[in-house]
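Order-wise, the sequence lines are chains E and Z.
Residues 1 to 193, numbered by the numbering used here, are exactly what the first sequence covers, in order.
Residues 1001 to 1193, numbered by the numbering used here, are exactly what the second sequence covers, in order.
Here a beta-carbon is modelled for each residue, glycine too, at the ideal position from N, C-alpha and C.
What follows is a set of notes on a single structure, which appears directly below.
Number of protein chains: 2
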Amino acid sequence: MSQAAHSATTLGAVRADAVRNLEAVLTTGARMLAADPGASIASIATEAGVDRRTVYRRFASREELLTAIYESRVTAIERAIEDARLREAPVAVALHRYVENIIAVNRTWPVDLARMLSDDAIRRRRDACVTEVDDFLRRATDEGLLRPGLPAGWASALLPQLMHLVSRQLPELSPAQAADVVVDTLLNGLRAS
Amino acid sequence: MSQAAHSATTLGAVRADAVRNLEAVLTTGARMLAADPGASIASIATEAGVDRRTVYRRFASREELLTAIYESRVTAIERAIEDARLREAPVAVALHRYVENIIAVNRTWPVDLARMLSDDAIRRRRDACVTEVDDFLRRATDEGLLRPGLPAGWASALLPQLMHLVSRQLPELSPAQAADVVVDTLLNGLRAS
DNA sequence: CATAAATGCCACAGCAATGTGACAGAATAG
DNA sequence: CTATTCTGTCACATTGCTGTGGCATTTATG
């Protein structure tokens, strides 16, 4: 209880290198877990250039580390949606901007959120994002960009897959160029002429 | 060495129920490993309605079981390619037939062959299939079905993803109907009019 | 029915990964 | 420089899965 009497100067600050290590563990973990969902904490720590014990000092359990990684992704997705202004911007503009943003997110946080249905908070935030995009795709159909009469949920399922595919299949493209490919493929397909 | 003297009638035949159990383990294993690549043999056995020990009687190790499952998939893919006559048939016909066949394969053997690069034999057979499809897509471009000038490998990567997506996203569609969706999306995209 | 094949169940050893404790040493902030 | 924070390392208990042996029981087949 003596800690409460300590001033802010006495209480130690968070060290900068600790923050760097934390970020390294999170991004490296995201990359490795995307490649192999069963990756061990030891392998992630080694790849991030950190001891296994250091990871356990920041995260009480494997679940907590995973939660932190998936939360990083969902937070980035929320920002991507906000920035694209899916509700207000012209559909063609919003679509391209959204795709470009998500491609950047996919490259930093390539993990699949479908593997994190256990944590309620994250699942809810993810569901909200999905709903947001579904609404946008409905608007895109209403305003004549997308064809009506497609199988239920087809566009909603196709778009994330295209973004995921281009993110790892065409890594040399910039997010903007990659978005060009995704939007062009989504709208026009690959037919000649 | 007395076994060599035994006649075929003395040597026991393979029992029919054993074959059924084997197939159940393989298909159930494929389904569960697709959902979770770290699924334990115990869980697969339970789901298939057999004892864990029964699995170990047929497969010396986990690796062997996985190899058998992935081999089932690659064999089915080879048959699908042959049946589609990718080299000879008109490109539009061959494409639809190939897609329809692979969708059926995906529903029985949904595992991802990219997770089986360890076994040389399977990897080689997989590579041969990939090459076969790549050649076909080149022919489709040469004959004016697909647009030239796309990013390298884009069509090759997109097609399997579309088939994979429709296989699990639209399970109520027949393989033929699902193939309609894939081919239409691939060639025309989702743009209105 | 009688034989051979196949399965289910119990038990056990080995291994890899998780999670925790303690302590000495390195790095940083004031 | 000094106090504090952070890290690396050795050690240890625990858990879940793999892989194996033995034996009684069930089931298919001729």
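By the rule that beta-carbons nearer than 9 Å mark a contact, Asp1036 of chain Z touches chain E. Within chain E, the residues whose beta carbon sits less than 7 Å from that of Leu1150 of chain Z are Leu190, listed in sequence order. For Phe1136 of chain Z, the uninterrupted alpha helix (DSSP H) segment begins and ends at 1120-1142. The C-beta of Trp1154 of chain Z comes closer than 9 Å to at least one C-beta of chain E. Spanning the alpha carbons of Leu1159 of chain Z and Leu162 of chain E requires a straight line of approximately 11 Å. Listed by position along chain Z, the residues whose Cβ is nearer than 9 Å to that of Ala60 of chain E form an empty set, because the closest Cβ is around 22 Å away. Per the C-alpha coordinates, the member of Z:Arg1115, Z:Gly1153, Z:Tyr1098 positioned closest to Ala1178 of chain Z is Z:Tyr1098.
DSSP places Arg191 of chain E in the strand class (E or B) of the three-state scheme. Annotated three-state conformation of Leu150 of chain E is coil, per DSSP. For the C-beta of Ala114 of chain E, not a single chain Z residue is nearer than 7 Å; the gap to the nearest is close to 10 Å. Where Arg1053 of chain Z is concerned, the enclosing alpha helix (DSSP H) starts and stops at 1052-1058.
Close partners of Val1181 of chain Z in chain E (Cβ separation under 9 Å): Leu150, Pro151, Trp154.
Per the coordinates, the alpha-carbon of Pro1037 of chain Z lies some 42 Å from the alpha-carbon of Ser193 of chain E.
Excluding five sequence positions before and after His1164 of chain Z, the CB atoms of its chain that fall closer than 7 Å to its own CB belong to Asn1106, given in chain order.
Residues of chain E whose Cβ lies closer than 8 Å to the Cβ of Ala1157 of chain Z are, in chain order, Leu165, Gln169.
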